[in-house]
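Trainee: Once you've had a glance at the structure underneath, I'll fire off some questions.
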Amino acid sequence: MTKLQDTSLEIGSYSFSSRLIIGTGKYKSYEENAKALEASGAEIITVALRRVNVIDKDNEKLQDYISPKNYTYLPNTAGCYSAEEAIRTLRLAREVGGWKLVKLEVIGSKENLFPDMHETLIATEKLTKDGFEVMVYANDDPIYAKKLEDAGAVAIMPLAAPIGSGLGIQNKTNINLIIEQANIPVIIDAGIGTASDAVIAMEMGCDAVILNTAISGSANPELMARAMKHAVISGRDAYLAGRMAKKQYASASSPTKGLIAS
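Here our numbering is used: the first residue of the sequence shown is 23, the next is one more, and so on.
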């Protein structure tokens, strides 16, 4: 069945037109980041509070180039290794910027940066009770994805592959299972390497894509950001349109009736 009539991206109490979310890490400068953001068409930008200056008024700040009035800042807990540490970081973010919509990351391993799902679930429950709207970075685990939703998460963000790897979606089966059971947005987070990866994620039925290194690590971040914008739009359109059925054998694309006699 085709679903040609699209809707906005609803995350908790927030509504967005763009289904692409980009980050603020690894750019050569805030200026380069701002140009990439504009080219991407994204409305949300993730901010690693431990790595990006949003507080120190005596030094160059992200807000000098990307206005919180024009974009939704999504504070994240990159670099946190326990629920307690992540909760403390986000409470500080709320004090500083009044941010309610947040991205939760609780890392379990410095080597592979996979999330610690036990600590992540604890943090999700406590932050939700504390009034936050929590978007959660998670393993591609359908069981934990459902637990996180039941705990109050407003979006589940399973990794496609390890953070910064650029490998693309490695486990379509699990991602499909997560999408099938979810009643909240499913957003691919981590592992996207190029535009075709983003297209695949959206064609599968993901609600959005978050990426950072795929843009900031490219030779031309502004151009790659534009490519990602069109990739997400294209993949979403293809998903809504509904792909043709796959067939084992060839099927003529031209009518077979009314042929001119030879």
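The C-beta atom is built at its ideal place from N, Cα and C for all residues, glycine as well.
Does G213 pass the burial test, meaning 16 or more other C-beta atoms within 10 Å, or should it be called exposed?
Mentor: On the sequence shown, residue 213 is found 191 positions in, with the first residue counted as 1. The residue is buried, with at least 16 neighbouring Cβ atoms inside 10 Å.
Trainee: If I follow the unbroken beta strand (DSSP E) through M250, where does it start and stop?
Mentor: Position 228 of the sequence shown, counting from 1, holds the residue named residue 250. No beta strand (DSSP E) contains M250, which is instead part of the alpha helix (DSSP H) from P243 to A263.
Trainee: Can you tell me whether N98 is helix, strand or coil according to DSSP?
Mentor: For the purposes of this step, residue 98 is taken as residue 76 along the sequence shown, with counting starting at 1. In the structure shown, N98 sits in a strand (DSSP, three-state: E or B).
Trainee: Do the stretch 140-151 and the stretch 95-111 touch if we need at least three Cβ pairs shorter than 8 angstroms?
Mentor: Contact between the stretch 140-151 and the stretch 95-111 is present, because at least three Cβ pairs lie under 8 angstroms.
Trainee: Any contact between the stretch 168-186 and the stretch 150-157? By contact I mean 3 or more CB pairs, one from each, below 8 angstroms.
Mentor: Flag = yes, the stretch 168-186 and the stretch 150-157 touch.
Trainee: Return the CA-CA distance between I209 and C228, expressed in angstroms with no decimal places.
Mentor: Start at 1 with the first residue of the sequence shown, and residue 209 comes out as number 187. Start at 1 with the first residue of the sequence shown, and residue 228 comes out as number 206. In a straight line, the C-alpha of I209 is about 6 angstroms away from that of C228.
Trainee: Taking I67 and Y93 to be in contact with their CB atoms under 8 angstroms, please state how far apart those CB atoms are, rounded to whole angstroms.
Mentor: Along the sequence shown, one-based indexing puts residue 67 at 45. Along the sequence shown, one-based indexing puts residue 93 at 71. Yes, I67 and Y93 are in contact; Cβ-Cβ is about 5 angstroms, under 8 angstroms.
Trainee: In whole angstroms, what separates the C-alpha of D219 from that of Q85?
Mentor: Residue mapping note: residue 219 aligns to position 197 of the sequence shown, counting from 1. Residue mapping note: residue 85 aligns to position 63 of the sequence shown, counting from 1. D219 and Q85: Cα-Cα distance of roughly 30 angstroms.
Trainee: Suppose the cutoff is 8 angstroms on Cβ atoms and the five residues either side in sequence are ignored; what does the same chain contact list for A58 look like?
Mentor: The residue given as residue 58 occupies position 36 in the sequence shown. These residues qualify, in order along the chain: I44, Y49, I237, S238, P243, E244, M246 and A247.
Trainee: Mind listing, in chain order, the continuous beta strand (DSSP E) runs of no fewer than 3 residues lying wholly within the stretch 162-210?
Mentor: Those beta strand (DSSP E) runs which fall completely within the stretch 162-210 and span 3+ residues are 177-180.
Trainee: In chain order, what residues of the same chain have a beta carbon less than 7 angstroms from the beta carbon of E53, not counting five sequence neighbours either side?
Mentor: For the purposes of this step, residue 53 is taken as the residue at position 31 of the sequence shown. These residues qualify, in order along the chain: Y87.
Trainee: To which residues of the same chain is D259 closer than 6 angstroms at the C-beta, ignoring the five residues directly before and after it?
Mentor: Position 237 of the sequence shown holds residue 259. Closer than 6 angstroms at the Cβ level, and outside the excluded window around D259, lies no residue.
Trainee: I'd like the list of long-range same chain contacts for Q192, defined as Cβ closer than 6 angstroms, with 5 residues on each side in sequence excluded.
Mentor: On the sequence shown, residue 192 is found 170 positions in, with the first residue counted as 1. Once the five neighbours on either side are set aside, the close Cβ partners of Q192 are A183.
Trainee: Roughly how many whole angstroms lie between the Cα atoms of M23 and G264?
Mentor: Position 1 of the sequence shown, counted from the first residue, corresponds to residue 23. Position 242 of the sequence shown, counted from the first residue, corresponds to residue 264. With a pLDDT of 48 at M23, under the threshold of 50, the modelled position of this residue cannot be trusted, and the question is left open.
Trainee: What residue range does the beta strand (DSSP E) around E155 cover?
Mentor: In the sequence shown, counting from the first residue as 1, residue 155 sits at position 133. E155 -> beta strand (DSSP E) spans E155 to A160.
Trainee: Cβ of G119 within 8 angstroms of Cβ of P90?
Mentor: As a position in the sequence shown, residue 119 is number 97, starting the count at 1. As a position in the sequence shown, residue 90 is number 68, starting the count at 1. Yes; because the gap between Cβ atoms is below 8 angstroms, this pair is in contact.
Trainee: According to the Cβ coordinates, are I33 and L123 closer than 8 angstroms?
Mentor: Indexing the sequence shown from 1 puts residue 33 at position 11. Indexing the sequence shown from 1 puts residue 123 at position 101. Their beta carbons are under 8 angstroms apart, which means I33 touches L123 by this criterion.
Trainee: Less than 8 angstroms separating the beta-carbons of D28 and L233?
Mentor: Here residue 28 corresponds to residue number 6 of the sequence shown, with the count starting at 1. Here residue 233 corresponds to residue number 211 of the sequence shown, with the count starting at 1. Cβ atoms of D28 and L233: not closer than 8 angstroms.
Trainee: Compute the Euclidean distance between the alpha carbons of D138 and A272, then round it to the nearest angstrom.
Mentor: Locating residue 138 in the sequence shown gives position 116, where the first residue counts as 1. Locating residue 272 in the sequence shown gives position 250, where the first residue counts as 1. If you take the alpha carbons of D138 and A272, they lie about 47 angstroms apart.
Trainee: CB-CB under 7 angstroms to L112, same chain, minus the five flanking residues each way: which ones, in chain order?
Mentor: Here residue 112 refers to the residue found at position 90 of the sequence shown. Closer than 7 angstroms at Cβ, skipping near neighbours: P97, T99, V124, L149 and F154.
Trainee: Please determine, among Y95, I185 and K83, the residue with the shortest C-alpha to C-alpha distance to G130.
Mentor: To locate residue 130, count along the sequence shown from 1; it is residue 108. The residue with the shortest Cα to Cα distance from G130 is I185.
Trainee: Is M23 helix, strand or coil by DSSP?
Mentor: Mapped onto the sequence shown, residue 23 falls at position 1. With a pLDDT of 48 at M23, under the threshold of 50, the predicted position of this residue should be treated as unreliable, though the coordinate-derived value follows. Residue state, collapsed to three classes: coil.
Trainee: I believe G190 touches G215 by the beta-carbon criterion, under 8 angstroms. Please report the beta-carbon distance rounded to the nearest angstrom.
Mentor: Counting from one through the sequence shown, the residue named residue 190 turns up at place 168. Counting from one through the sequence shown, the residue named residue 215 turns up at place 193. About 6 angstroms separates the two Cβ atoms, so the contact holds.
Trainee: State the beta-bridge partners of S37 as determined by DSSP.
Mentor: Mapped onto the sequence shown, residue 37 falls at position 15. Per DSSP, E32.
Trainee: Could you tell me which of S35, N55, A64 and S37 sits nearest to K251, measuring between CA atoms?
Mentor: Residue 251 sits at position 229 when you count from the first residue of the sequence shown. Cα-wise, what sits closest to K251 is A64.
Trainee: What residue from G188, S187 and N196 has the CA that sits closest to I178's CA?
Mentor: As a first step, residue 178 must be located in the sequence shown, where it is residue number 156. Here the closest residue by C-alpha is N196.
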